Amino acid sequence: MVEQTRKAKKLWPSLVWFALILLLSTALSVYWLNHQPRAARGPVEPKIALVTTLMPEPMAFVPHIQSFGPVIPAHSVELNARVEGIVLATGANYIEGGRVKRGEELIRLDPTDYQLRLQQAENDRVKAQFNLKLELGQQAVAKLDYKMLGDNLDELGTQLVLRKPHLEASKSALSAAEALLSQARINLQRTRISAPFDAVVTERNAQVGSRVTTASAGTPLARLVATDRFWIDVSLPVDKLRWLDIPDFNSAKGSSVKIYFDNGWGKDRYREGVIKRLKAAVEPESRMAKLIVEVEDPLALQPENRDWPKMMLNTLVRVEIQGKPLTNVVKLPENVVHEGDKLWLMNHQGTLDIAAIAPLWHERGQVFIDAEQLPAGAQVVANNLPAPVPGMRLRSDAQTLALEVEPAHVN
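Quick note on numbering: the sequence shown equals residues 36 to 446 in our numbering.
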């Protein structure tokens with residue numbers, strides 16, 4: 036018992052100190068909780084977005100429409116034999132790529148058979164002429180016989196006595212002989228096959244010594260393409276047609292066109308053409324409209340055009356078509372147009388307006404709108420805003436620069 040009392044006396048001071056420490060810690064905690072430092076409250080300044088603005092000026096602009104199309108012949112023909120025979124000779128330009136003049140001989144067939152037929156036809160005509168003259172002599176004798184027989188003959192007897200059927204037959208035989216003679220001359224001429232117009236040879240199918248028959252009309256002797264002009268078959272969206280001048284569609288004269296063939300001519304060279312016609316039907320798959328662009332002297336054969344690049348059939352070329360001029364429009368970068376038809380504007384009060392627009396034209400990253408769609412003096416916001424709300428306050432780069440320079444100027 037004494038031992039327990041001694042231990043309790045030794046533990047008592049430790050408990051006292053522990054209680055004092057606990058009490059002091061609690062008091063300090065309460066004090067610091069009730070005396071925390073606090074920031075002084077003031078009015079909240081509204082945040083003003085810094086923006087870059089544009090002030091576009093009204094202008095006139097000529098739009099250009101880009102597209103592609105193959106070069107095709109404007110006029111071509113297949114030469115077929117109209118008489119049979121052996122190919123006796125061919126012209127020097129009767130070769131693929133050869134240029135021929137109108138009337139230039141391309142193929143000559145052996146004319147021997149047709150010369151003989153012409154000679155026979157001439158002989159037959161001479162015989163027919165002789166028979167007619169002989170019959171005319173018989174007519175004089177017949178008239179004497181008719182006078183001797185008197186007027187007692189009927190109409191048929193009268194015609195027979197006067198030999199009228201014989202005269203008609205002689206005249207008919209002469210006409211037939213002359214027709215055969217004309218046909219023989221034509222057939223002889225057809226043994227020489229010539230170019231019907233200035234052209235370039237794109238295909239040949241006859242060689243010296245080969246036999247040509249009219250039954251082989253499905254295989255032409257030659258294919259010719261006229262060299263005075265080529266066409267370009269251009270595909271275009273239907274909604275672009277209203278910006279173009281198209282003959283027999285909306286104008287008497289077609290829009291001008293520049294033709295580029297970068298691989299063959301280089302990037303800076305081009306040919307000029309004009310819209311010729313609008314085809315009657317759209318493409319069945321793409322529903323694109325089809326335009327015909329005409330280019331004169333495509334092979335640069337005229338002396339004044341010698342330095343022009345030469346066009347080649349079936350090449351795919353790029354075309355740039357000049358559209359109808361736009362007046363009183365403003366040009367803006369496409370990235371300032373939001374949702375396709377909205378502009379962010381900073382008004383005179385320095386707040387945001389959202390205006391609906393109707394773009395007239397898009398070209399090379401630019402959009403063109405009617406200047407009347409913008410309020411006078413409006414500034415177009417050029418940069419992006421995270422949460423645009425009409426009426427939010429804005430400040431432009433120009434205003435910020437003025438605020439930064441003004442204090443230094445005052446000093």
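All C-beta atoms, glycine included, are put in the ideal place defined by N, C-alpha and C. Just so you know, these numbers come straight off a predicted model, no measurement behind them.
- Message: With DSSP as the reference, identify every bridge partner of residue 99, one or two as the case may be.
- Response: 357
- Task: Under 7 angstroms Cβ to Cβ from residue 438, same chain only, skipping five residues before and after it: list those, please.
- Result: Because residue 438 sits at a pLDDT of 33, beneath the cut-off of 50, its placement in the model cannot be relied upon, and the following sentence gives the value as read from the coordinates. The answer is none, since no qualifying residue turns up.
- Hey, how far is the Cα of residue 445 from the Cα of residue 432? Note on residue 445: pLDDT 32, under 50, position unreliable in the model; the coordinate value appears next. One C-alpha to the other measures close to 21 angstroms.
- Determine the burial state of residue 381: buried for a count of at least 16 other Cβ atoms within 10 Å of its Cβ, exposed for fewer. buried
- Query: Where does the unbroken alpha helix (DSSP H) through residue 216 begin, and where does it stop?
  - Reply: 199-224
- Query: Which residues share a DSSP beta bridge with residue 381?
  - Reply: 387 and 414
- Query: When we look at the beta-carbon of residue 138 and count the other beta-carbons within 10 Å, is it buried (16 or more) or exposed?
  - Reply: exposed
- Item | Residue(s) in a DSSP beta bridge with residue 396 | 403
- Same chain, Cβ closer than 6 angstroms to residue 135, neighbours up to 5 away in sequence not counted: 128, 230 and 234
- When the Cβ atoms of the region 306-317 are set against those of the region 366-379, are three or more pairs found closer than 8 angstroms? no
- Item | Entirely enclosed alpha helix (DSSP H) segments - the region 302-377, minimum 4 residues | none
- Task: Indicate whether residue 385 and residue 353 have their beta-carbon atoms separated by less than 7 angstroms.
- Result: no
- Where residue 290 falls: helix, strand or coil (DSSP): coil
- Message: On a Cα-Cα basis, can you pick out the residue from 358, 342, 164 and 368 that is closest to residue 204?
- Response: 164
- Task: Classify residue 446 as helix, strand or coil using the three-state DSSP reduction.
- Result: Note on residue 446: pLDDT 32, under 50, position unreliable in the model; the coordinate value appears next. Three-state result, residue 446: coil.
- Task: Kindly confirm or deny that the region 108-119 and the region 388-407 touch, where touching means at least three C-beta pairs closer than 8 angstroms.
- Result: no
- Task: Would you decide whether residue 147 is buried or exposed? Buried here means 16 or more other CB atoms lie within 10 Å of its CB.
- Result: exposed
- Endpoints, the beta strand (DSSP E) within which residue 268 is located: 264-271
- Message: If the criterion is Cβ atoms closer than 7 angstroms, does the pair residue 219 and residue 156 meet it?
- Response: yes
- Message: Using the three-state DSSP reduction, which class does residue 161 fall into: helix, strand or coil?
- Response: helix
- Query: With distances taken between CB atoms, is the gap from residue 245 to residue 122 smaller than 7 angstroms?
  - Reply: yes
- Task: Please confirm whether residue 256 and residue 106 have their CB atoms less than 7 angstroms apart.
- Result: no
- Query: Mind checking residue 308: buried by the 16 CB within 10 Å criterion, or exposed?
  - Reply: buried
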